[in-house]
Amino acid sequence: MSSRELIVCADKGTIASASTQFVLSEISQSRSPKFMLALSGGTTPAATYDQLARTNGAGELITSRCGIFFSDERAVGPEDPNSNFRTARQHLFEPLGLPDRIIHRIVGEATDLGAEAAHYAALIREKATGTQGMIPRFDLTLLGMGADGHTASLFPEYDFASDTDIVVAPFVESKGTRRISFSVPLINASRVVLFLIVGKDKAGALRRIFATDKNEHVLPAARVDADRTVWMVDSEAASLLDWTGKVLTL
Ligand code: 6PG
773 MSSRELIVCA DKGTIASAST QFVLSEISQS RSPKFMLALS GGTTPAATYD
823 QLARTNGAGE LITSRCGIFF SDERAVGPED PNSNFRTARQ HLFEPLGLPD
873 RIIHRIVGEA TDLGAEAAHY AALIREKATG TQGMIPRFDL TLLGMGADGH
923 TASLFPEYDF ASDTDIVVAP FVESKGTRRI SFSVPLINAS RVVLFLIVGK
973 DKAGALRRIF ATDKNEHVLP AARVDADRTV WMVDSEAASL LDWTGKVLTL
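In this note's numbering, the protein residues as written are 773 to 1022.
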């Protein structure tokens, strides 16, 4: 039985602290022989990475327990300012001195992104320590959401019926480029998905997602339904939700 939880945080600083505690708690309590962690793209996670980098013991814990992957990547190399890998390297890997051996980069600069998607899928299958059915299982997948309700690199125009592989390389009309992304089946095989969503521009998409039945997939992010899906959002992103719970302040 899957669950969906909403945690509304006062501001982005609170999200960074709460998500840091969430991630470290999941890793330390996990019984997996290796903790399969997928990092999100975009800019929101940088504050969480910075907080992790300032947390005593985080480097040792992550190094000793984790295999680190990316839930999506742009069609760029690791030195490009738009690279999701570059963001994580700058805010997390280098500050914590994480070893390359636990970090599995998507080769966004590959000339054949379809082949790179297949290669990354094979790497995930090789490294995964568990599956849900035939699909490799991540212990924790971090995701963001765009104002249009996209998540990872699965945008509204994506043909979800074709979503049969675990890693895909869709052409994104609105960006005029291909990307590489986890598919919905791979995301939903995760034990836990943690969305980190900040900003008023996300409020409309969040309202649509939470206003409809879980089975009505109004937007790509609404298709995410892991064993446990936690939506950690700031009060601006939550401003259009019919929600009367307690706002988290740390
Ligand atoms: C990407 C992301 C994407 C991102 C959202 C939110 O590669 O762009 O994976 O899904 O999470 O667009 O981005 P922000 O955190 O920058 O708002």
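Beta carbons are placed, not taken as given, at the ideal position from N, Cα and C, and that holds for glycine. What you are looking at is a predicted structure, and each value in this text was computed from that prediction instead of being measured.
Practice prompt. Let me know the secondary structure DSSP gives Val970 once reduced to three states.
Written response: Position 198 of the sequence shown, counting from 1, holds the residue named residue 970. Residue state, collapsed to three classes: coil.
Discussion item. So, at 6 Å on beta carbons, what are the nonlocal neighbours of Leu809 in its own chain, with the 5 sequence-adjacent residues on each side left out?
Written reply: Working through the sequence shown from its first residue, we reach residue 809 at position 37. The residues are Cys838, Ile840 and Leu912.
Discussion item. Quick check: what's the CA-CA separation for Val795 versus Pro850?
Written reply: As a working note, residue 795 is residue 23 in the sequence shown. As a working note, residue 850 is residue 78 in the sequence shown. In a straight line, the C-alpha of Val795 is about 24 Å away from that of Pro850.
Practice prompt. Can you grab the Cα-Cα spacing for the pair Ala919 / Ile779, in whole Å?
Written response: In the sequence shown, residue 919 corresponds to position 147, counting from 1. In the sequence shown, residue 779 corresponds to position 7, counting from 1. Looking at the two C-alpha atoms, the distance is approximately 19 Å.
Fill in: Beta-ladder partner(s) of Gln904, from DSSP
In the sequence shown, counting from the first residue as 1, residue 904 sits at position 132. Looking at the DSSP assignment, Gln904 forms a beta bridge with Ile907.
Worksheet item: Straight-line CA distance for Ser843 to Val879?
Response: On the sequence shown, residue 843 is found 71 positions in, with the first residue counted as 1. On the sequence shown, residue 879 is found 107 positions in, with the first residue counted as 1. Spanning the two alpha carbons is a distance of roughly 13 Å.
Discussion item. With DSSP as the reference, identify every bridge partner of Thr1001, one or two as the case may be.
Written reply: Taking the sequence shown and counting its residues from 1, the one referred to as residue 1001 is at position 229. Paired residues: Arg776 and Val965.
Discussion item. Please list the terminal residues of the continuous alpha helix (DSSP H) segment that includes Ala810.
Written reply: On the sequence shown, position 38 is the one that residue 810 refers to. It is not in any alpha helix (DSSP H) - Ala810 instead sits in the beta strand (DSSP E) that spans Phe807 to Leu811.
Worksheet item: Leaving out the 5 sequence neighbours to the left and right, which residues in its chain are closer than 8 Å to Ala993 when beta-carbon positions are compared?
Response: What you label residue 993 is simply residue 221 of the sequence shown in a count that begins at 1. Leu915, Met917, Gly921, His922, Thr923, Phe967, Ala977 and Ile981.
Worksheet item: Per DSSP, Ile875 forms a beta bridge with which residues?
Response: What you label residue 875 is simply residue 103 of the sequence shown in a count that begins at 1. In DSSP, Ile875 forms a bridge with Ile840.
Practice prompt. Flag this pair as yes or no: are the beta carbons of Ala889 and Ala847 separated by less than 7 Å?
Written response: Within the sequence shown, residue 889 is the residue found at index 117, counting from 1. Within the sequence shown, residue 847 is the residue found at index 75, counting from 1. No, they are not a contact pair.
Discussion item. With a threshold of 8 Å, are at least 3 pairs of Cβ atoms found where one atom belongs to the segment 894–910 and the other to the segment 954–968?
Written reply: yes
Practice prompt. Kindly indicate which residue of Ser802, Gln801, Leu1022 and Tyr892 has the alpha-carbon position closest to the one of Ser955.
Written response: To locate residue 955, count along the sequence shown from 1; it is residue 183. Residue Tyr892 is the option with its Cα nearest to Ser955.
Worksheet item: Are the C-beta atoms of Leu926 and some chain B residue less than 7 Å apart?
Response: The chain inventory of the structure shown lacks chain B, comprising one protein chain alone.
Discussion item. Give me the DSSP bridge partner(s) of Arg846.
Written reply: If you number the sequence shown from 1, residue 846 lands on position 74. In DSSP, Arg846 forms a bridge with Arg951.
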